[in-house]
Amino acid sequence: MKFRTLDVVQIGLYLVALVLLTPLVGGFMANVFSGEKHLMKPIFGKLENRVYKVCRIDPSGEMNWKEYTLALLAFNLVGFILVFIFQEMQRYLPINPRHLPAVSWDLAFNTAVSFVTNTNWQSYAGETTMSYFVQMLGLTVQNFLSAATGIVVVLPFIRGIVRKKTDAIGNFWVDVTRTTLYILVPLSVFLAMVLVGEGTVQTLSNYRNVQTLGGQEQVIPVGPAASQIAIKQLGSNGGGFFNMNSTHPFENPTPLTDFLEMLSILLIGSGLVYTYGKMIGSMRQAFVIWSVMMAMFIGMLSVSLYSEWKFHPAYVSTPTMEGKETRFGITNSVIWEVATTSASNGSVNAMHDSMTPLSGLVALVNMMTGEVIFGGVGAGLYGMFHFILLTVFIAGLMVGRTPEYLGKKIETYEVKMAVIGVVAPSAAILILTAIGSVTHAGLSAINNSGPHGFSEILYAFTSAAANNGSAFAGLNTNTVFYNLTQAAGMLIGRYAVIIPILAISGSLARKKSIPPSPGTFPTDTPLFGFLLVGVIIIISALTFFPALALGPVVEHFLMLAGKTF
Amino acid sequence: MSSEGKSNRGLTSAFDKKIVLQALADSFKKLDPRTLVRNPVMFVVEVVAVVATCVVLLSVVSRQPSPVAFDLQITLWLWVTVLFANFAEAIAEGRGKAQADALRRARSETIARKIENGKEIEVGATELLKGDIVVCEGGDVIPADGLVIEGIASVDESAITGESAPVIRESGEERNAVTGGTKVLSDRIVIRIIAEPGSTFMDKIISLVEGARRQKTPNEIALTILLSALTIVFLLAVATFPAFMQYGANASGISIKEYITLPILASLLVCLIPTTIGGLLSAIGISGMDRLIRKNVIATSGRAAEAAGDVDVLLLDKTGTITLGNRMASNFIPAPGIPVERLADAAQLSSIADETPEGRSIVVLAKEKYGLRAKEVRDVDAEFIPFSAQTKMSGVEIPGIGGSRPRSIRKGSGEAIKKFVTDLGRTFPQSVQKSLEEIAREGSTPLVVVENGDVLGVVQLKDIVKGGIKERFAQLRIMGIKTVMITGDNTLTAAAIAAEAGVDDFIAEAKPEDKLARIRTEQANGHLVGMIGDGTNDAPALAQADVGIAMNSGTQAAREAGNMVDLDSNPTKLIEVVETGKKLLMTRGAMTTFSIANDVSKYFAIIPAMTGTLYAFGKPFGPLSALNIMRLGSPESAILSAVIFNAIIIILLVPLALKGVKYRPVGASAVLRRNLWIYGAGGIIAPFIGIKLIDMIVNVLRLV
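Respectively, the protein sequence lines represent chains S and B. Counting in the working numbering, the first sequence runs from 1 upward without gaps. Counting in the working numbering, the second sequence runs from 1001 upward without gaps.
This is the structure we're talking about:
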């Protein structure tokens, strides 16, 4: 196999489609959030008002950051409890044609945390563990709501930038309702339709018993997959209906579905940057952020493509097809791999465990940057805000003024919060991996020897704390140890980033705004873009260099020397 | 007085032997963990150094086979790192201390002549209380801050201002404030002390230059938090590393005990945490204040020095800042039918007795332009009429001698002369009125000359804009600073001068309250405003401004309202203060960037040294030794070199921290690009070279 023109075309097509759709989706979202006229208003407008009426929400009532945060946490807590109870009670609940029993407590806990935090780490195999009821009303609902939660967190920050001397940063209930109704539901319905049209299954009937060509009996699991897959891709959830995720032909039947599912991974994350620019009134600012994300994405993609396509004597056949779908081939697997890890999505169409060490490194680094390369819906952008504030603070002094971003002074409080937002997930990854790599409970789950085994542990905890949810696989994580430690990682990775950014939003909104001048630290120039990339890479690299050196880096060198694991 | 002259006064070079010796001693005193804890980064280094010391001591005592020589060297360099950081701070403080000591010595020896119950008694200056009355005569040193309540005297204030020309201090409203430590040259004044002991202006200066009561500025606090957070991250990275290493060791079936010792982990940690900026942060702050002091500006807090860098609107008084204090006659414009010589002659005559600079400039102009020799006052038998606030005119009455007509000449503002002429029943020529307007439009002031009721014409008095000020304002504009000129002139005049000087905006016919109002508006729009002032009526504006510089010649009220005092009373100082503030912030940012960028190379030195044997499968070196891109001699020399580099970079950067990074008045983008290349890219590359060089030396000397 060789890297051919068709591969270039595929990559080009993917990037071009993403670029073209970004302003479309981004502009639409900006209209939704600012309460302006938009396409979906006539369709769901009545429903929106109805939701407010039933829930007794005053849509004009604004919250301060603490109220906003409490509302968000309460909303997620209720979601967590429901998903947990559904799993424990599934045998008493309807739509359980396989009569699946209650899920073990630690797995149920892990799964509930996982779906509420938009991680969608799956320690379970969907088809053998969860009833249709749990999948639809527990997991798919959370796919929507956790994604909406992520998206709305961006909004207070925008208001913090735009507004002056106020405590009000918006109404959580209004933001979350609009996001779900106008953005997530219509986009997923559309995508689900296309998927069904291409052959993705969507049914409530029982698994099929069929006679194979060899005359054997085989149980073919089916279910309401398309509806879950659409939102799993769009909402950077990633939790597949089936255990094999998007490698499974019922989830991802054709090249078109593969393309659309891949595109959906980055669509909202990329669009949100456009939304940001539109809402703060400076497309240049947004364009620099978007370019940083795109440049890092292309850089990571290039490394991974190079590594997968290059001839490595250690492998019997290169490029190696182990763990990849022959239907999709190398290039599509790599695009998906890089997209899903940079976007905190976590769905897969190939097994990352089997990729070359450098590809594994790319996946790890994507997550270790805090998922800011487009990132999870909302999460990518608000994670990026933390880095922007740090960049502004570190380098801003060099122009001879105390640091400011978009007219707002960055002071002790903002630095404190931004630091928590960047450091907490990293700390979780390091500490949990350290525990995992020396304890029996951690080590006993490894399937591979050598540095690859270490990479598996590192990947698992990185994926959790980055709220990615993709698995390196090769690690049996359905144990009490992993279920609980992973859950801890997911919670820290989610809320230790969200709460600080909301606190910052509140603080920014209270500040006055300093008009820009030629003496202002410029944040809308290519120079700032380079600086931002530099800070992201240096901070992540400095934190994880030792761990990466002992994982994928050493594995890469060993592979070059002819030794694989 | 030249600026070089000033900067040398009382201040000695940074590396004066005495200061260096004192700083060396202080470096050890500052090891006290109670003081060091204020600097979290250096505190961590000290803790780590203590741990390493214990390890070395234990291995010596227990005589266990261990690389004592290596551990000992590491430990010593860890201590040196802390000492170097302490030295940086001490030397910055030392420069201020030297000046403070000189001031204090002068102060403690002063004897005050206190008036008690009508009698004069001698007490030490430090025993004076607020409200005490003292008397000072020629030759006495004023014992403490006070107000003159009786008398007038010339005072030498060079002790605090460096300005050798004496100033007049007298009872009354404007010039009644005297400062302790200054010297009365002649006459006798009675002073009411207005400062409590220990809180006089001089005490404040002493404590400020000493940095004794130095508090961290808001930006320093924020930076310290960032540095502490980085320290925590690296603490975690280093603390978890042994676990990762252990996994690797198990997987490759070897023991790695010799590579995960406490001294080695300590080295890794100390190399990674931002010791460079952590060690220099406080020196940068102190020397920023010090640079202000060298410019003879005393900031009452570090916060004010920091705010100076942020100022983006400057309110500048026209007179003294933008223009020279005085207007100069520049042109004679005669009325129709009047020869210009006649106008010049009359103008000159009327100005002979006028000792104001304007009056003298008229005499000089008439002489230079028309060869009219100035007559001496005594040569003319004439009665001079001085300027009065009622008539707004001055002039001369020359009696007719020897048949010549008596001459009655008046000169004054257009308004005044017009009224004068009309009262006489004469007409004010239309063309003269036109000249008046034209002159005003050019930003000059017209004086109309009238003789025996005939309007002769107009003398144009021009405001002279200071040389180079336009370029200065252009620089400020590039830096994003808006300049607003404040003047009592009418709008036409103000507009013309504003255009000539290149200010961005002006307030004409300004009343004192206009300044305050303007500051409030600018602040409401998010701007930070700097201004300089001297009068009592400036006090509210000075207090409102983000950076308010009071001139030392100003009133007590003004001095207390501002957050800086300019000892030279030079209104142009404001611009220098802003530049100094910017330089302070730039230096801090550059060092932070440099410090963080440095870490990249240290990983490439230490990680391969620690992990080089993993997965070697029988060979001497494993795959990770490929990360040793500097080709350092041995694992031990690599670690030692990194630690040594980490320590000496602090001391190498001390001069830069004290001097500040190079400042150029260009836009933010250009400044950023330049500093990023030097301190960002340079910060990544420099240590690769430095560590390699040190490693070569370490190997040549066989230190490990």
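The beta carbon of each residue, even a glycine, is placed where N, CA and C say it ideally should be.
query                                                                                                                          : result
Coil, strand or helix - Gly-1581 of chain B by DSSP                                                                            : helix
Helix, strand or coil at Tyr-405 of chain S [DSSP, three-state]                                                                : strand
9 Å Cβ cutoff, Met-1479 of chain B in contact with chain S                                                                     : yes
CB of Ile-1111 of chain B within 9 Å of CB of Ala-1266 of chain B, strictly                                                    : no
Contact check, Leu-1447 of chain B vs Ser-1413 of chain B, beta carbons under 9 Å                                              : yes
DSSP-derived helix/strand/coil call for Asn-1646 of chain B                                                                    : helix
Spatial neighbours of Ala-1212 of chain B in its chain, beta-carbon cut-off 6 Å, leaving aside the 5 residues before and after : Any reading at Ala-1212 of chain B needs caution, since the residue's pLDDT is 49, under 50, leaving its predicted position unreliable; the model's value is listed next. Cβ within range, chain order: n/a, list empty.
CB-CB length for Ile-457 of chain S against Gly-442 of chain S, believed under 8 Å                                             : 6 Å
Straight-line Cα distance separating Gly-1096 of chain B from Pro-1033 of chain B                                              : 24 Å
Phe-521 of chain S: contacting residues in chain B (beta-carbon distance under 8 Å)                                            : Ala-1668 and Leu-1672
Residues from the region 1247-1259 of chain B in contact with chain S, defined by Cβ distance under 7 Å                        : Tyr-1247, Gly-1248 and Ala-1251
The region 1260-1290 of chain B: positions lying closer than 9 Å to chain S by Cβ                                              : Leu-1268 and Leu-1272
Given Val-303 of chain S as reference, the closest of S:Met-283, S:His-312, S:Leu-181 and S:Val-334 once Cα atoms are compared : S:Val-334
Same chain, Cβ closer than 6 Å to Met-1591 of chain B, neighbours up to 5 away in sequence not counted                         : Ile-1277 and Leu-1280
Cutoff 9 Å: Ala-1212 of chain B Cβ touching any chain S Cβ                                                                     : Annotation note: pLDDT 49 at Ala-1212 of chain B (below 50); position unreliable, coordinate value reported separately. No, Ala-1212 of chain B does not count as interfacial toward chain S.
CA nearest to the CA of Gly-1488 of chain B, picked from B:Ala-1125, B:Leu-1676, B:Gly-1302 and B:Ala-1510                     : B:Ala-1510
Cβ distance (whole Å) where Asn-1525 of chain B is taken to contact Thr-1300 of chain B below 8 Å                              : Contact flag wrong, Cβ pair sits at about 26 Å.
Residue from S:Ser-146, S:Val-162 and S:Met-136 whose Cα sits closest to the Cα of Ser-227 of chain S                          : S:Met-136
Closer than 7 Å at the beta carbon, the chain B residues around Ile-492 of chain S                                             : Residues of chain B passing the Cβ test: none, with the nearest at roughly 13 Å.
Local Cβ density within 10 Å of Ser-507 of chain S, reported as buried at 16 or more and exposed below that                    : buried
is_contact[Phe-1241 of chain B, chain D] using C-beta, thresh 9 Å                                                              : The structure shown contains no chain D; the protein chains it does contain are S and B.
Among B:Phe-1594, B:Val-1184 and B:Met-1630, nearest to Ile-1607 of chain B - alpha-carbon criterion                           : B:Met-1630
Any C-beta of chain B under 9 Å from that of Phe-393 of chain S                                                                : yes
Exposure label - His-452 of chain S; buried when at least 16 CB within 10 Å                                                    : buried
Proximal chain B residues relative to Leu-364 of chain S, where beta-carbon distance stays under 9 Å                           : Neighbours of Leu-364 of chain S on chain B: none; closest Cβ ~13 Å, over 9 Å.
Three-way DSSP call (helix, strand, coil) for Ser-1301 of chain B in this model                                                : coil
Under 7 Å from the C-beta of Ala-1626 of chain B: neighbouring residues of chain S                                             : Phe-557
Leu-558 of chain S - DSSP class collapsed to helix/strand/coil                                                                 : helix
Partners in chain B for Lys-310 of chain S, counting only beta-carbon separations shorter than 9 Å                             : None at all; the shortest Cβ gap to chain B is about 17 Å.
Outcome for Ala-1329 of chain B when other beta-carbon atoms lying within 10 angstroms are tallied against a minimum of 16     : buried
Proximity test, Cβ basis, 9 Å: Pro-1218 of chain B and chain S                                                                 : yes
Same chain, Cβ closer than 7 Å to Met-351 of chain S, five either side skipped, listed in chain order                          : Gly-323 and Ala-473
Cutoff 9 Å: Val-162 of chain S Cβ touching any chain B Cβ                                                                      : no
Other residues of its chain near Phe-1234 of chain B: CB distance less than 7 Å, five sequence neighbours each side excluded   : Leu-1269, Leu-1272 and Ile-1273
Identity of the residues DSSP links to Leu-13 of chain S by a beta bridge                                                      : According to DSSP, which records beta bridges pairwise, Leu-13 of chain S is partnered with nothing at all.
Through-space distance from Ala-488 of chain S to Val-113 of chain S, alpha-carbon basis                                       : 9 Å
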